[in-house]
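S.K.: So the protein lines, in turn, are chains A and B. Residues in the first sequence are numbered consecutively from 1, following the working numbering. Residues in the second sequence are numbered consecutively from 1001, following the working numbering. C-beta atoms are modelled at their ideal positions from N, C-alpha and C, and glycine is treated no differently.
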Amino acid sequence: MIELPLILLITALLGSILAGLSCSTIGVFVVRMNLVSIGYCMSHAAFAGAAFGLLINVDPMFGAIVFSIATALFLGPLSEKAKLESNVVIGFLFSIMIAFAFIFLNMIPGNAATGAALSILWGSIFMINLNDLFLLVLLSFVMLLFFILFYKELTAMLFHRKLAEASGVNTKMFFFAILFFVGFTVSVSLKLVGGLLVFALIVNPTSTAYQLFFDFKKISLASPVIGVVSCLLGFLVSLEWNLPIGAAIVVVSSLIFAFSILFSPKRKKGKKPLFS
Amino acid sequence: MGAVIELDNVSTIYEGERIPSLHNITLSIDEGEFVAVIGPNGAGKTTLLETINGLLPATSGTVRVFGKNVKTHGLEIRKKIGYVIQNFEIDSLTPFLSKDVVMMGRTGRIGLLRFPNQRDWERVFSNMQLLGIEGFKDRAVGKLSGGEFQKVLIARALTQEPDVLLLDEPFANLDVSSRKRVSDLLTTLNIERSLTTVFVSHDINAIPEACTRTIVLDQGRIVCQGELETVLSSSIVQQLWQRGKKHD
């Protein structure tokens, strides 16, 4: 098992909890709104942005935020109005962002910078600092506040966007707010979970919650809990077996998802729901 | 009673289309009127409803509801319009409870930064009771039959406490007794609360008693309007029905 200084341990632990909380909270909306493709694109844009930040000697998180928000601004209107099959454009952006990321990484001089860049690729306990923690706390707080205050508008939109619009909900505004939260969440969680895997932390806990519950309220409460548990267990596994933390978290959350499929009440006949 | 809905030379074209789905429609509906809109498939009935509530922007002409331009005040206007959508199919795994879906209709009315209170829930359960669906208020909508879900949608629109009700084939999937129940309810609401109602149906026999005017649409134009019996006996409508039979 890796021995860590206490401050580093606490920082990483808190970072894991907050990343799990924020990623799996936004995941509820990503899954329900079919934003998975857009989200993957944004996570790779964040990765490219982080690599660019390293290249120009700027905080990689700043680069990640800029790139992922820019992608949201581009993909948001596109997904609303595209006459071209949106998966085509998303596929294009997905691959070009990865290409840019590797180009930027290749251009970074010196081994240390490359090490930092690769840490962004698959995440690292050691990358999280107090500034990152502060951002994670802020993001989690703002996001939870947003979802609580506008819960009824968001759920109306998640049920059926056109009907929500017909009832007087400004769905465009909320849609773009969700996209921005996806961009921020991905960027802020990048250092811990890594650019290639961060989106799995957004999708897996929510997918698990969808397997277990029929009620959206319970899904939106369960998803963050599952996300935090996945991150904590992944963190412990990573320390115990010296594995990249991002990969460990994703494996744990994937196993939890697999178990949820086995025990899902949605596949059982004549039995009461598991959690009613 | 003044006009609640006014369309002035309105045409609507869907994006990517060249031919308008609505051609130069001029129409006025007064407060408390119950108007049925009939016509063959593709006549523009749904387009008309969605142009009225602004979900589909008019390409030309002016749409005014409650005296306000829908183009600039659409959001505000839609809070007061209840809309029952056509052919709404849901996934059996949709994770929303019936009572929550009915409450969603009230979202715009409740307003931003406010939460549903007891009175809102009383409205929800009262309307579910009117439609005979209070028994499955805690059931996920994905587990309802087509008819049960249709009633949830109607209850949702009524829970909004609308000033105008737009109904697009509201009797789809409903059995005969449910149709009667809903039809009587709509008639009561129209008479007792002067609820302005626009009712789209391809089934003439489904039109409720409260109907005061029937509009016939064909290929995006109003070809005839008046009392139902008068409209049905007109030569234009007879030709439409004959044309429909030839295509069957």
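Of all Cβ atoms in chain B, is any one closer than 8 Å to the Cβ of D215 (chain A)?
M.R.: As a position in the first sequence, residue 215 (chain A) is number 215, starting the count at 1. Taking Cβ atoms only, chain B reaches closer than 8 Å to D215 (chain A), which makes this a yes.
S.K.: Of all the options A:D215, A:E240, A:V225, which has the alpha carbon lying nearest to the alpha carbon of P265 (chain A)?
M.R.: In the first sequence, residue 265 (chain A) corresponds to position 265, counting from 1. The shortest Cα separation from P265 (chain A) among A:D215, A:E240, A:V225 belongs to A:D215.
S.K.: Find the residues of chain A that neighbour G1105 (chain B), judging by a C-beta separation of less than 7 Å, and give them in chain order.
M.R.: As a working note, residue 1105 (chain B) is residue 105 in the second sequence. Ordered by position in chain A, the residues that pass the 7 Å Cβ test against G1105 (chain B) are S167.
S.K.: With a cut-off of 8 Å on the beta carbons, I'd call V1065 (chain B) and D1030 (chain B) a contact; round off their distance for me.
M.R.: Here residue 1065 (chain B) refers to the residue found at position 65 when the second sequence is read from its first residue. Here residue 1030 (chain B) refers to the residue found at position 30 when the second sequence is read from its first residue. Rounded, the Cβ-Cβ distance is 12 Å, inconsistent with contact.
S.K.: Give the range of the beta strand (DSSP E) segment to which N1024 (chain B) is assigned.
M.R.: By 1-based counting over the second sequence, the position of residue 1024 (chain B) is 24. Unbroken beta strand (DSSP E) run through N1024 (chain B): 1022-1030.
S.K.: Counting C-beta neighbours from all protein chains within 10 Å, is the total for G1082 (chain B) 16 or more, i.e. buried, or is it exposed?
M.R.: To locate residue 1082 (chain B), count along the second sequence from 1; it is residue 82. By the neighbour-count rule (16 or more Cβ atoms within 10 Å), G1082 (chain B) is buried.
S.K.: Run down chain A in chain order and give the residues with a C-beta less than 8 Å from the C-beta of P1116 (chain B).
M.R.: If you number the second sequence from 1, residue 1116 (chain B) lands on position 116. Near P1116 (chain B) (Cβ distances below 8 Å), the residues of chain A are K152.
S.K.: With distances taken Cα to Cα, identify the nearest neighbour of M1128 (chain B) among B:G1111, B:D1138, B:V1152, B:T1187.
M.R.: Position 128 of the second sequence holds residue 1128 (chain B). Of B:G1111, B:D1138, B:V1152, B:T1187, the residue nearest in Cα terms is B:V1152.
S.K.: What's the gap between the Cα of I256 (chain A) and the Cα of I226 (chain A)?
M.R.: Looking up residue 256 (chain A) in the first sequence gives position 256. Looking up residue 226 (chain A) in the first sequence gives position 226. Their backbone Cα atoms lie some 8 Å apart in a straight line.
S.K.: Within 10 angstroms of the Cβ of T1026 (chain B), are there 16 or more other Cβ atoms? Answer buried if so, exposed if not.
M.R.: For the purposes of this step, residue 1026 (chain B) is taken as residue 26 along the second sequence, with counting starting at 1. Counting Cβ neighbours within 10 Å, T1026 (chain B) comes out exposed, since fewer than 16 surround it.
S.K.: Near E1033 (chain B), which residues of its chain fall below 7 Å by C-beta distance, leaving aside the five closest residues on each side in sequence?
M.R.: One-based indexing of the second sequence puts residue 1033 (chain B) at position 33. Within the same chain, E1033 (chain B) has close Cβ partners T1196, T1212, R1213.
S.K.: Measure the Cβ-Cβ separation of S24 (chain A) and S187 (chain A) and say whether it is below 8 Å.
M.R.: For the purposes of this step, residue 24 (chain A) is taken as the residue at position 24 of the first sequence. For the purposes of this step, residue 187 (chain A) is taken as the residue at position 187 of the first sequence. Not closer than 8 Å, so no.
S.K.: For the beta strand (DSSP E) holding R1064 (chain B), just list the boundary residues, first then last.
M.R.: As a first step, residue 1064 (chain B) is located in the second sequence; it is residue number 64 there, counting from the start. Counting along the chain, the beta strand (DSSP E) containing R1064 (chain B) begins and ends at 1060-1065.
S.K.: Give the secondary structure of G1016 (chain B) by DSSP, where H, G and I count as helix, E and B as strand, and everything else as coil.
M.R.: If you number the second sequence from 1, residue 1016 (chain B) lands on position 16. The answer is coil: DSSP assigns G1016 (chain B) none of H, G, I, E or B.
S.K.: Got a sec: which bits of the region 1042-1063 of chain B sit with their beta carbon under 8 Å from any beta carbon on chain A, in order along the chain?
M.R.: Going along the region 1042-1063 of chain B in chain order, one finds N1053, L1055 with a Cβ nearer than 8 Å to chain A.
S.K.: For I178 (chain A), go through chain B and note every residue whose CB falls closer than 7 Å to its CB, in chain order.
M.R.: Walking along the first sequence from the start, residue 178 (chain A) turns up at place 178. Near I178 (chain A) there are no residues of chain B at all, since even the closest Cβ is about 16 Å away, more than 7 Å.
S.K.: Rounding to the nearest angstrom, what Cα-Cα distance links P1170 (chain B) and Y210 (chain A) in this structure?
M.R.: For this step, residue 1170 (chain B) is matched to residue 170 along the second sequence. For this step, residue 210 (chain A) is matched to residue 210 along the first sequence. Taking the straight line joining both Cα atoms gives about 31 Å.
S.K.: How is the alpha helix (DSSP H) around I1081 (chain B) delimited, first residue to last?
M.R.: The residue given as residue 1081 (chain B) occupies position 81 in the second sequence. Run containing I1081 (chain B): none in the alpha helix (DSSP H); it sits in the beta strand (DSSP E), 1081-1084.
S.K.: Among B:G1002, B:L1007, B:Q1086, B:N1069, which has the Cα closest to the Cα of L163 (chain A)?
M.R.: On the first sequence, residue 163 (chain A) is found 163 positions in, with the first residue counted as 1. When only C-alpha atoms are compared, the closest one is B:Q1086.
S.K.: Quick check: the Cα distance between F146 (chain A) and G1044 (chain B), rounded to an integer number of angstroms?
M.R.: One-based indexing of the first sequence puts residue 146 (chain A) at position 146. One-based indexing of the second sequence puts residue 1044 (chain B) at position 44. If I take the Cα positions, the gap works out to 39 Å.
S.K.: Please identify the residue among B:V1182, B:G1220, B:Q1150 whose C-alpha is closest to the C-alpha of E1089 (chain B).
M.R.: Here residue 1089 (chain B) is taken as the residue at index 89 of the second sequence, counted from 1. Ranking the options by Cα distance to E1089 (chain B), first place goes to B:Q1150.
S.K.: Output, in sequence order along the chain, the residues in the region 1061-1080 of chain B whose CB is closer than 7 Å to any CB in chain A.
M.R.: Residues passing the 7 Å Cβ filter: L1075, R1078, K1079.
S.K.: Would Q1242 (chain B) pass as an interface residue toward chain A - the criterion being a Cβ-Cβ separation below 8 Å?
M.R.: Within the second sequence, residue 1242 (chain B) is the residue found at index 242, counting from 1. No - not a single Cβ of chain A is within 8 Å of the one on Q1242 (chain B).
S.K.: Exposed or buried, which one is S230 (chain A) when buried takes at least 16 other CB atoms within 10 Å?
M.R.: Taking the first residue of the first sequence as 1, we reach residue 230 (chain A) at position 230. Buried.
S.K.: Would you verify that the beta carbon of I1154 (chain B) is, or is not, closer than 8 Å to some beta carbon of chain A?
M.R.: Walking along the second sequence from the start, residue 1154 (chain B) turns up at place 154. Not one chain A Cβ lies under 8 Å of I1154 (chain B).
S.K.: Determine, for F948 (chain B), whether the minimum Cβ-Cβ distance to residues of chain A falls below 8 Å.
M.R.: The question about residue 948 (chain B) has no answer here: the residues shown for chain B are numbered 1001 through 1248.
S.K.: I need the straight-line Cα distance from V252 (chain A) to N106 (chain A), nearest angstrom please.
M.R.: To locate residue 252 (chain A), count along the first sequence from 1; it is residue 252. To locate residue 106 (chain A), count along the first sequence from 1; it is residue 106. Taking the straight line from one Cα to the other gives about 31 Å.
S.K.: Considering just the uninterrupted stretch of the beta strand (DSSP E) at V1216 (chain B), what are its terminal residues?
M.R.: Indexing the second sequence from 1 puts residue 1216 (chain B) at position 216. It spans 1213-1218 - the beta strand (DSSP E) in which V1216 (chain B) sits, taken as one unbroken run.
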